[in-house]
Amino acid sequence: MKIKKAIFPVAGLGTRFLPATKAMPKEMLPVVDKPIIQYAVEEALASGIEQLIFVTGGGKTALENHFDRSYELEDTLRKRGKDDLLQTIESLVPKSGTIVYTRQSEPLGLGHAIWCARDIVGDEPFAVLLADDLIQNDVPVLHQMINEFDRLRASMVAIFEVPKEETSKYGILEAEPAHNGTVRIKSMIEKPDPAEAPSNLAAIGRYIFTPKIFDYLGMHKKGAGGEIQLTDAMVALLEDQPIFGYRFKGTRFDCGDKAGFQMANLAFALEHPEIRDTLKEYINTQVHKN
Ligand code: G1P
């Protein structure tokens, strides 16, 4: 069965970026000239996703407006002859009916946010993208994973190796090597202290799930940090069905973190034809200064 639907949990408060995120959703923070969420949406569409399911919360109207037409702006750009910009603005709006919004009315955790989309997803496999994890690569990571799903027909999460002292920031895997560079997950633990971590293989925010995961998310079991964790539902799913870890190709930036966000900006800016030369010059002067 084809993966047609993707869930974007975007209800988070973005406290790590206050005061910037006081009146603006954190997903709207720009990496160069595009909001973080747009990278994830473009990745999903380029991977064949046909329906984008946003799980939002209060204060996220800017996000909805971003993916909608803006007649006033379009009209002004047209009158000023700014055709390139006009085309950019028009092309970022997905076809009507492609985006579905639902709300997570209480901040009960990532697992709960995904569960909120259960009736929209229905009985088919689906993807989850956490926009904070921004990945730079020519072939979108979700596309890589969907190709792998076509072979494995099983749930899957993108993984990478982290320094041991950083395990408490991620869902950490206990796994054994499987085919084609994937690993078969035996267990998982959410944000363990380095001393308790079973490995340094961490999950990042790209997942494909069979709909069975909703049975376990629906149990609303609280885990790490008192939240309903996706990782715990994955551990429960393992009793029933296999889950694989997929080592993606690409560079991942943690845009949920101030330093990671700046690194993403730098990396994407250095690839941006309009600004890269100016930026390189500036970086050189700074390197010599320090
Ligand atoms: C979430 C997941 C965690 C995963 C991480 C990837 O944590 O709960 O398992 O490793 O995303 O970015 P968060 O970063 O939302 O706290």
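Read in order, the letters of the sequence shown are residues 13 to 302 in the working numbering. No residue lacks a Cβ here, since even glycine has one placed at the ideal position from N, Cα and C. All values derive from a computational prediction rather than experimental measurement.
*Between the C-alpha atoms of H300 and E293, what's the straight-line distance to the nearest angstrom?*
As a working mapping, residue 300 is identified with position 288 in the sequence shown. As a working mapping, residue 293 is identified with position 281 in the sequence shown. Cα to Cα, H300 sits roughly 11 angstroms from E293.
_Beta-carbon within less than 8 angstroms of I101's beta-carbon, same chain only, minus the 5 sequence neighbours each way: which residues are those?_
Along the sequence shown, read from residue 1 onward, the residue named residue 101 stands at position 89. Counting only Cβ-Cβ distances below 8 angstroms, and skipping sequence neighbours, we find S82, L85, E86, L89.
*Does DSSP put R165 in a helix, in a strand, or in coil?*
Indexing the sequence shown from 1 puts residue 165 at position 153. Three-state result, R165: coil.
*asked:* How far does the beta strand (DSSP E) with A23 in it extend, from its first residue to its last?
replied: Working through the sequence shown from its first residue, we reach residue 23 at position 11. Segment: none, A23 is in no beta strand (DSSP E) and carries neither H nor E.
*Please report how far the alpha carbon of V112 lies from the alpha carbon of V67, in whole angstroms.*
Looking up residue 112 in the sequence shown gives position 100. Looking up residue 67 in the sequence shown gives position 55. Roughly 9 angstroms between the two C-alpha positions.
*Is there contact between the region 140-153 and the region 194-202, where contact requires at least three CB pairs shorter than 8 angstroms?*
no
*Cβ-Cβ distance between Y219 and Q156 below 9 angstroms*: Along the sequence shown, one-based indexing puts residue 219 at 207. Along the sequence shown, one-based indexing puts residue 156 at 144. Cβ distance not < 9 angstroms, so Y219 and Q156 don't count as in contact.
*Got a sec? Which residues, its chain only, sit under 7 angstroms from Y182 by beta carbon, not counting five neighbours each side?*
On the sequence shown, residue 182 is found 170 positions in, with the first residue counted as 1. Contacts found: V174, K203, A214, A215.
*Cβ of Q241 versus every heavy atom of the ligand G1P: is any distance shorter than 8 angstroms?*
Residue numbering aside, residue 241 sits at position 229 when the sequence shown is read from its first letter. Yes, Cβ of Q241 sits closer than 8 angstroms to a heavy atom of the ligand G1P.
_Cα-Cα separation, L229 to L282_ = For the purposes of this step, residue 229 is taken as the residue at position 217 of the sequence shown. For the purposes of this step, residue 282 is taken as the residue at position 270 of the sequence shown. Roughly 41 angstroms between the two C-alpha positions.
*Who are K46's beta bridge partners in DSSP?*
Translated into positions along the sequence shown, residue 46 becomes position 34. Answer is V43.
*Cβ-heavy atom distance, I197 to the ligand G1P, below 8 angstroms*: For the purposes of this step, residue 197 is identified with residue 185 of the sequence shown, where counting begins at 1. No.
*asked:* Please classify I15 as buried or exposed, where buried requires at least 16 other C-beta atoms within 10 Å of its C-beta.
replied: Position 3 of the sequence shown holds residue 15. So I15 ends up on the buried side.
*Delimiting residues of the alpha helix (DSSP H) encompassing Q99*: Translated into the one-based positions of the sequence shown, residue 99 becomes position 87. 95-103 is the extent of the alpha helix (DSSP H) around Q99.
*Using only the heavy atoms of the ligand G1P, determine whether one of them is closer than 8 angstroms to the beta carbon of E118.*
Sequence index remark: in the sequence shown, residue 118 carries index 106 (1-based). E118 Cβ: outside cutoff for every heavy atom of the ligand G1P.
*Excluding five sequence neighbours on each side, which residues of the same chain lie with their C-beta closer than 8 angstroms to the C-beta of K270?*
Locating residue 270 in the sequence shown gives position 258, where the first residue counts as 1. R28, F29, listed in sequence order.
*Presumed contact (8 angstroms Cβ cut-off) between F79 and V44, rounded CB distance*: If you number the sequence shown from 1, residue 79 lands on position 67. If you number the sequence shown from 1, residue 44 lands on position 32. Not quite, the Cβ-Cβ distance comes to about 19 angstroms (not below 8 angstroms), so this is no contact.
_If I follow the unbroken beta strand (DSSP E) through L185, where does it start and stop?_
On the sequence shown, residue 185 is found 173 positions in, with the first residue counted as 1. Unbroken beta strand (DSSP E) run through L185: 183-189.
*Could you tell me whether any non-hydrogen atom of the ligand G1P is closer than 8 angstroms to the CB of A215?*
Position 203 of the sequence shown holds residue 215. Indeed, a heavy atom of the ligand G1P lies less than 8 angstroms from the Cβ.
_Burial state of T243, where buried means 16 or more other Cβ atoms lie within 10 Å_ = Counted from its first residue, the sequence shown places residue 243 at position 231. Classification for T243: buried.
*asked:* Suppose you measure from the CA of V22 to the CA of I240; what does that come to, to the nearest Å?
replied: By one-based count along the sequence shown, residue 22 stands at place 10. By one-based count along the sequence shown, residue 240 stands at place 228. Rounded to whole angstroms, V22 to I240 spans 16 angstroms at the Cα level.
*asked:* Within the continuous alpha helix (DSSP H) that includes D292, where are the two ends?
replied: On the sequence shown, position 280 is the one that residue 292 refers to. Before going further, note that residue 292 is Lys rather than Asp in the sequence given. Taken as a continuous stretch (DSSP letters only), the alpha helix (DSSP H) holding K292 covers 288-301.
*Kindly examine the ligand G1P and report whether one of its heavy atoms sits closer than 8 angstroms to the Cβ of Y182.*
Your numbering for residue 182 matches position 170 in the sequence shown. Yes, Cβ of Y182 sits closer than 8 angstroms to a heavy atom of the ligand G1P.
*Quick one: which unbroken beta strand (DSSP E) runs of 3-plus residues sit fully inside the region 105-141? Chain order, please.*
111-115, 138-141
*asked:* Quick check on this structure: which residue in K261, I184, D145, G70 has the alpha carbon closest to the alpha carbon of Y51?
replied: Here residue 51 is taken as the residue at index 39 of the sequence shown, counted from 1. Taking only the C-alpha atoms, the option nearest Y51 is D145.
*In this structure, does DSSP put S199 in helix, strand or coil?*
Stepping through the sequence shown from its first residue, residue 199 is reached at position 187. Correct three-state label for S199: strand.
_What would DSSP say about L30, mapped onto helix, strand or coil?_
As a working mapping, residue 30 is identified with position 18 in the sequence shown. Residue state, collapsed to three classes: coil.
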